[in-house]
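Report on the structure given below.
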Amino acid sequence: MGFVAITEDYPWDKLAPYQARAAAHPDGVVDLSIGTPVDPTPVPIQAALAAAADSPGYPTVAGTPAVREAIVAWFTRRRGVVGLTVEGVMPTIGSKELVGLLPSLLGIGPGDAVVIPASAYPTYEVGARAAGAEVLATDDVDAWASDPRVRLVWVNSPGNPTGEVLGIERLRAAVDAARAIGAVVASDECYAELGWEQPWASDGVPCLLDPRVAGVSHEGLLAAYSLSKQSNLAGYRAGLLAGDTALMSRIVLMRRHLGLIVPGPVQAAMVIALSDDAHVAAQREIYRRRRETLLPALLAAGFAVDHSEAGLYLWARSLDGADCWVTLDRLAGLGIVAGAGEFYGPGSEHHVRFALTATDARIAAAAARLRAGARS
Ligand SMILES: Cc1ncc(COP(=O)(O)O)c(C=O)c1O
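The following block contains the structure:
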């Protein structure tokens with residue numbers, strides 16, 4: 206599949222007929238296909254944005270001292286990272302652009318290969334192909350550990366769409382194998398604050414830069430994070446990157462050439478969002494309740510829910526073995542729309558992805574319809 210082939214249509218457009226059928230439900234559609242936050246942006250974050258509205262000069266690509274210090278403090282306080290300095294961090298314009306552009310920013314191109322998860326957020330592949338690189342979609346380290354073409358390995362934990370969390374050992378195996386062939390490991394951790402069950406570690410979702418994973422240095426490692434989900438800031442476009450200082454200098458330089466700069470008022474808002482843990486805890490409880498409403502209803506309606514131990518999705522498959530399109534049709538009859546497993550790569554065709562990003566009322570409506578559908 207070439208780059209043109211993957212960009213000439215947008216996979217989510219294939220959901221339109223299911224959305225139309227679901228919209229005919231007398232109480233309206235419950236659309237759980239896309240993970241866009243619906244709860245308000247916390248007022249102190251809005252106030253920080255507004256207070257910085259007078260912003261005549263260009264902001265810096267590397268970030269204000271305040272935002273860089275807030276990023277370092279967050280990784281240290283919330284993720285157990287040791288030894289990070291302001292030279293090892295930068296803000297990004299949300300994390301999607303960084304995911305899409307990272308191969309190009311690192312100078313990866315034709316003849317190189319990028320490893321992505323087997324079931325993956327589509328932008329890892331788009332970014333690799335945009336740079337002209339090959340894509341290896343696998344969760345098996347042995348499949349690429351002796352491949353000299355590999356220059357970048359993406360890991361995504363907690364994963365989208367699966368909600369799987371990679372423990373210390375799995376992350377460490379990827380890091381050791383990548384370092385042995387001189388490849389960079391980039392970890393997309395945008396759901397890290399949304400852990401529900403913790404079979405992997407008692408102290409939270411492990412970070413790539415945790416010393417138990419990275420060892421004594423961050424060499425060859427980059428961790429991406431986003432404030433979209435934890436702080437309801439998707440509209441601000443507020444992400445961040447941390448890790449190897451030499452890689453960071455190169456990425457900052459390229460982004461200066463390209464003008465990829467986080468707007469000054471957004472940088473000011475990020476400082477507040479990163480410094481306050483209370484609003485994140487409150488938002489986590491909102492999603493926990495929604496998950497506790499939807500998950501048992503899915504089980505009652507004949508679904509198995511795989512992984513989903515963290516993050517904003519329930520990764521479900523119908524126990525009758527139906528493929529995602531058959532399941533989506535059944536759901537549309539109940540006025541519910543979910544994401545198609547097929548969008549996330551080969552092997553995911555029997556799954557559908559339910560996002561927890563709908564209001565309490567809409568999640569409750571979805572649960573009631575699933576239970577009623579199971580009885581009829
Ligand atoms: C795995 C993953 N990475 C990155 C993003 C991008 O998030 P944002 O650009 O809002 O930071 C998303 C959004 O849903 C995602 O699921």
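Using the working numbering, the letters of the sequence shown correspond one by one to residues 206 to 581. Virtual Cβ for every residue (Gly too), placed ideally from N, Cα, C. What you are looking at is a predicted structure, and each value in this text was computed from that prediction instead of being measured.
Original post:
Quick one: what's got a C-beta closer than 7 Å to R574's C-beta in the same chain, skipping five residues either side?
Top reply: The residue labelled residue 574 in the question sits at position 369 within the sequence shown. Same-chain partners within the cutoff: L539, G540 and I541.
Original post:
Can you tell me whether Y215 is buried or exposed, with buried defined as 16 or more other CB within 10 angstroms of its CB?
Top reply: Within the sequence shown, numbered from 1, the residue matching residue 215 stands at position 10. So Y215 ends up on the exposed side.
Original post:
Counting along the chain, where does the beta strand (DSSP E) carrying D511 start and finish?
Top reply: Here residue 511 refers to the residue found at position 306 of the sequence shown. F508 to D511 is the span of the beta strand (DSSP E), which, as asked, contains D511.
Original post:
When DSSP labels each residue in this structure, what does T328 get in the three-state scheme?
Top reply: Taking the sequence shown and counting its residues from 1, one reaches residue 328 at position 123. Looking at T328 - three-state DSSP - the assignment turns out to be helix.
Original post:
Should K301 be counted as a contact of ligand 1 given a C-beta to heavy atom distance under 8 Å?
Top reply: On the sequence shown, residue 301 is found 96 positions in, with the first residue counted as 1. Yes.
Original post:
By DSSP, does G364 sit in helix, in strand, or in coil?
Top reply: Here the question's residue 364 lines up with position 159 in the sequence shown. Coil, per DSSP.
**OP:** Enumerate in chain order the residues of its own chain whose CB-to-CB distance from S260 is below 7 Å, with the five nearest sequence positions on each side excluded.
**Re:** By 1-based counting over the sequence shown, the position of residue 260 is 55. Contacts found: G469 and P470.
Original post:
Which term fits G440, buried or exposed, when burial requires 16 or more other beta carbons within 10 angstroms of its beta carbon?
Top reply: For the purposes of this step, residue 440 is identified with residue 235 of the sequence shown, where counting begins at 1. G440 comes out exposed.
**OP:** Give every residue of the same chain whose Cβ lies closer than 6 Å to the Cβ of P247, excluding the five residues on either side of it in the sequence, and list them in chain order.
**Re:** The residue labelled residue 247 in the question sits at position 42 within the sequence shown. Only H484 meet the Cβ criterion.
Original post:
To the nearest angstrom, how far is it from the Cα of G284 to the Cα of D534?
Top reply: As a working note, residue 284 is residue 79 in the sequence shown. As a working note, residue 534 is residue 329 in the sequence shown. The sequence shown places Arg at residue 284, rather than the Gly named in the question. Cα to Cα, R284 sits roughly 41 Å from D534.
Subject >> Alpha-carbon spacing of A571 relative to A385, whole angstroms >> reply: Taking the sequence shown and counting its residues from 1, the one referred to as residue 571 is at position 366. Taking the sequence shown and counting its residues from 1, the one referred to as residue 385 is at position 180. For A571 and A385, the distance between alpha carbons rounds to 48 Å.
**OP:** Kindly give me the distance between the Cβ atoms of W279 and L479, rounded to whole angstroms, as I take these residues to be in contact under 8 Å.
**Re:** Here residue 279 is taken as the residue at index 74 of the sequence shown, counted from 1. Here residue 479 is taken as the residue at index 274 of the sequence shown, counted from 1. Going by Cβ atoms, the distance from W279 to L479 rounds to 5 Å, so yes, they are a contact pair.
**OP:** Look at S300 and S431 and say whether their C-beta atoms are less than 9 Å apart.
**Re:** Numbered from 1 along the sequence shown, position 95 holds the residue referred to as residue 300. Numbered from 1 along the sequence shown, position 226 holds the residue referred to as residue 431. In contact: S300 and S431 (Cβ atoms closer than 9 Å).
**OP:** Give a yes or no on contact between the region 285–294 and the region 407–423, applying the rule of three or more CB pairs nearer than 8 Å.
**Re:** yes
Original post:
Taking DSSP as the reference, what is the three-state secondary structure of D218?
Top reply: Numbered from its first residue, the sequence shown carries residue 218 at position 13. Helix, per DSSP.
**OP:** Round the Cβ separation of A318 and E339 to the nearest angstrom and send it over; I've been treating them as touching at under 8 Å.
**Re:** The residue labelled residue 318 in the question sits at position 113 within the sequence shown. The residue labelled residue 339 in the question sits at position 134 within the sequence shown. Sure, about 4 Å apart at Cβ, within 8 Å.
**OP:** Please confirm whether any heavy atom of ligand 1 lies closer than 8 Å to the CB of C395.
**Re:** Taking the sequence shown and counting its residues from 1, the one referred to as residue 395 is at position 190. Checking the Cβ of C395 against ligand 1 gives yes.
**OP:** Check the C-beta distance from Y518 over to A560 and give it rounded, since I have them as a contact under 8 Å.
**Re:** Your numbering for residue 518 matches position 313 in the sequence shown. Your numbering for residue 560 matches position 355 in the sequence shown. About 6 Å; that satisfies the 8 Å criterion.
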